[in-house]
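Protein chains: 2
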Amino acid sequence: MRKESDRELLDFFMVTCREHHLRVTPQRLAIYVLLSESKEHPSADGVFQSIKREFPSISYDTVNRTLLTFSKIGVVGIVEGRGEPRRFDPNMSSHHHFHCRRCGTITDFFSDDYDNLEIPRDLEEKFTVLNKRVVLEGICDTCRTKQSRL
Amino acid sequence: MRKESDRELLDFFMVTCREHHLRVTPQRLAIYVLLSESKEHPSADGVFQSIKREFPSISYDTVNRTLLTFSKIGVVGIVEGRGEPRRFDPNMSSHHHFHCRRCGTITDFFSDDYDNLEIPRDLEEKFTVLNKRVVLEGICDTCRTKQSRL
DNA sequence: TATTATATAGTAATAATTCTTATTTGTCAA
DNA sequence: TTGACAAATAAGAATTATTACTATATAATA
């Protein structure tokens with residue numbers, strides 16, 4: 317079950333790479349797998365730190381460039397942030413984000429209502445809308461309980 | 317009419333500053349006024365470049381620090397972005413954003429439907445939601461017409 | 001297997017943000 | 001007013017983040 321979907325994900329990745337005439341190198345594969353297994357939304361540096369265990373000689377630039385390339389061909393996303401280092405998101409299906417103001421974690425959540433939001437008529441006429449996302453901000457449960465203990 | 321609301325905005329600014337024990341210095345006032353008059357969502361550097369005309373000796377750091385302070389006390393917002401330099405937003409009333417993928421401009425828009433979005437029940441129980449915003453991405457009209465000419 | 005285009009590591013450069021410190025400036029109370 | 005204190009500023013330096021460059025290595029294709 318798990319294996320099955322992993323397999324599909326990898327296939328999707330490789331097919332998309334080839335469509336864009338990108339070689340599937342061991343580094344790229346490793347970066348993609350690492351990111352898709354990660355539950356967080358890591359920065360380029362975060363990915364770099366983890367991938368180094370597998371590729372001790374890999375450079376930060378390769379990781380960063382690769383992640384940017386991935387976002388260009390649409391196999392990963394770049395999370396909306398507020399000026400901190402860029403963070404990446406392997407989940408390309410429609411979902412939404414909750415940002416904790418205190419600890420900065422970003423939690424994915426799903427909502428059919430949000431997915432089905434209508435684009436305002438005047439906007440739709442004026443702009444081509446390719447993506448929509450609801451971004452909630454606040455305090456997460458972990459931070460909330462921490463605070464109440466103080 | 318216009319003057320009236322400008323006045324109110326300034327009062328709001330000064331009152332909020334004082335509530336947070338922040339002095340209303342000429343620099344702060346100028347930065348705030350500049351930002352609220354700006355139709356864009358400028359970066360710290362953008363504000364710095366403009367404000368220099370009024371305060372030739374002001375430092376970039378002062379501008380940047382001031383803007384961050386403003387966002388902390390809630391008189392300006394920080395716009396959600398994707399890794400580019402941080403950008404600021406003087407509009408603190410509920411509104412939403414359209415980001416153009418090509419030219420990067422951010423357009424404010426308003427929608428009662430979006431303002432009234434319900435927070436999913438499970439999220440509301442788990443997290444304290446302080447802010448919600450719908451972020452649309454796509455191609456703006458200017459870029460669209462540019463492209464079709466090619 | 002040879003060819004060729006692309007990717008990589010390593011290094012350097014640039015850009016963005018934050019920190020440090022000495023000085024200046026407001027604010028408040030007498 | 002004036003003096004004392006707290007806070008803000010400017011200037012420069014340091015940190016961090018991102019991107020560019022180049023020689024070498026590698027994968028895909030014929």
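If you read the protein sequences in the order shown, they are chains S and U. Residue numbering for the first sequence follows the numbering used here, beginning at 317 and increasing consecutively. Residue numbering for the second sequence follows the numbering used here, beginning at 317 and increasing consecutively. Just so you know, even glycine gets a beta-carbon here, dropped at the ideal spot from N, CA and C.
**Message:** In the DSSP assignment, the beta strand (DSSP E) including residue 448 of chain U goes from what residue to what residue?
**Reply:** Start at 1 with the first residue of the second sequence, and residue 448 of chain U comes out as number 132. Here the beta strand (DSSP E) through residue 448 of chain U covers 444-455.
**Message:** Closer than 8 Å is the cut-off here; do at least three beta carbon pairs connect the region 399-416 of chain U with the region 415-434 of chain S?
**Reply:** These segments do not touch.
**Prompt:** Under 7 Å between C-beta atoms, does residue 457 of chain U make it to chain S?
**Reply:** For the purposes of this step, residue 457 of chain U is taken as residue 141 along the second sequence, with counting starting at 1. Closer than 7 Å: yes.
**Request:** Compute the Euclidean distance between the alpha carbons of residue 341 of chain U and residue 379 of chain S, then round it to the nearest angstrom.
**Result:** As a first step, residue 341 of chain U must be located in the second sequence, where it is residue number 25. As a first step, residue 379 of chain S must be located in the first sequence, where it is residue number 63. Taking the straight line joining both Cα atoms gives about 44 Å.
**Message:** Check this for me: beta carbons of residue 445 of chain U and residue 413 of chain U, under 7 Å apart or not?
**Reply:** Counting from 1 along the second sequence, the entry for residue 445 of chain U is found at position 129. Counting from 1 along the second sequence, the entry for residue 413 of chain U is found at position 97. Not in contact: residue 445 of chain U and residue 413 of chain U (Cβ atoms no closer than 7 Å).
**Asked** Looking only at C-alpha atoms, which of U/462, U/449, U/442, U/456 sits nearest to residue 460 of chain S?
**Response** As a working note, residue 460 of chain S is residue 144 in the first sequence. Comparing Cα-Cα distances from residue 460 of chain S to each of U/462, U/449, U/442, U/456, the minimum goes to U/442.
**Message:** Taking contact to mean 3 or more Cβ pairs, one atom from each stretch, closer than 8 Å, check whether the region 379-395 of chain S and the region 427-440 of chain S are in contact.
**Reply:** no
**Asked** In three-state terms, what does DSSP make of residue 459 of chain S?
**Response** Taking the first sequence and counting its residues from 1, the one referred to as residue 459 of chain S is at position 143. Reduced to three states, the DSSP call for residue 459 of chain S is helix.
**Prompt:** Would DSSP call residue 403 of chain U helix, strand or coil?
**Reply:** Walking along the second sequence from the start, residue 403 of chain U turns up at place 87. In this structure, residue 403 of chain U counts as strand in the three-state DSSP scheme.
**Item:** Within chain U, the residues that residue 425 of chain S reaches when beta carbons sit closer than 9 Å
**Value:** Translated into the one-based positions of the first sequence, residue 425 of chain S becomes position 109. By Cβ distance, chain U contributes 436, 438, 439.
**Item:** Any chain U beta carbon closer than 7 Å to residue 444 of chain S
**Value:** As a working mapping, residue 444 of chain S is identified with position 128 in the first sequence. It does; some Cβ of chain U falls within 7 Å.
**Asked** DSSP three-state call for residue 347 of chain S: helix, strand or coil?
**Response** Your numbering for residue 347 of chain S matches position 31 in the first sequence. Of the three classes helix, strand and coil, the one that applies to residue 347 of chain S here is helix, per DSSP.
**Message:** I'd like to confirm the pairing. Which residues does DSSP put opposite residue 423 of chain U in its beta bridges?
**Reply:** Within the second sequence, residue 423 of chain U is the residue found at index 107, counting from 1. For residue 423 of chain U, which the question treats as bridged, DSSP gives the partners U/414.
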